[in-house]
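In our numbering, the protein residues as written are 1249 to 1455.
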């Protein structure tokens, strides 16, 4: 049994949810102020909308519920009961990410460290100067917004990656970071804002 999977996903005001059963899975479409997302989930999962009583405020809310379909044989799908439980929790988490994406959106902040290292957005392209002989031009994918913000306190540039699809936002941020990963000795390069670096001590000069 999945503790996470049993927790309902409350549907905020201004959000509509459409659920459609298909032979190879269940399609969930979520539409909100920031956009629309659609995803197909495993056929062993049942996704439905029902009323949920919040024990904290005593009020009823429309919510999305997820549970394994009754009477299914996990072996039919090459799964075990444990994997069904994991799939249950994952399905609920992904739907929650969709709801948050269309209401609040997702953001990953990257920091640029290094003398002369900088970035700029030009049209639909992110231009990066990272100490190479030529600048890097990264085509910004559809559904992603990138902005370069000056952090005056740290005296560095930040790259803000935003969008409604959590996976896509994370993927784009990882691709940008890969252009110049943090140096192991001085930390020069691109890092996540909350990334903790364990720098190696500098090599001692030969006598």
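Virtual Cβ for every residue (Gly too), placed ideally from N, Cα, C.
Asked                                                                                                        : Found
Supposed close pair residue 1316, residue 1292 - CB separation, criterion 8 Å                                : 6 Å
CA-to-CA distance, residue 1298 to residue 1371, given in whole angstroms                                    : 44 Å
Residues near residue 1409 by beta carbon distance below 6 Å, same chain, minus five either side             : 1356, 1394, 1417, 1420 and 1421
Residue 1442 versus residue 1337 - alpha carbon distance                                                     : 26 Å
Test item: CB-CB of residue 1425 and residue 1361 under 8 Å                                                  : no
Separation of residue 1365 from residue 1379, as counted between CA atoms                                    : 6 Å
Given 8 Å, three or more beta-carbon pairs between the segment 1278-1296 and the segment 1305-1320           : yes
Where the alpha helix (DSSP H) through residue 1292 begins and ends                                          : Element bounds for residue 1292: n/a, residue is neither H nor E.
Cβ neighbours of residue 1434 in the same chain (closer than 6 Å, five flanking residues each side left out) : none
Residue nearest to residue 1358 in terms of C-alpha spacing, selected from 1258, 1267, 1276 and 1427         : 1427
Residue 1328 - DSSP class collapsed to helix/strand/coil                                                     : coil
Range of the contiguous alpha helix (DSSP H) that encloses residue 1254                                      : 1251-1254
Residue from 1305, 1415, 1265 and 1335 with nearest C-alpha to residue 1389                                  : 1415
Neighbour flag for residue 1446 against chain E, beta carbons, 8 Å                                           : Of the protein chains in the structure, only one exists, and it is not chain E.
C-alpha gap between residue 1213 and residue 1328, whole angstroms                                           : Limits of the chain in this structure are 1249 at one end and 1455 at the other, which puts residue 1213 out of reach.
Per DSSP, cross-strand counterpart(s) of residue 1387                                                        : 1373
Of the residues 1423, 1346, 1333 and 1437, the one placed nearest residue 1258, counting alpha carbons only  : 1346
Rounded separation between residue 1307 and residue 1300 - CA only                                           : 8 Å
For residue 1439, the first and last residue of its enclosing beta strand (DSSP E)                           : 1437-1440
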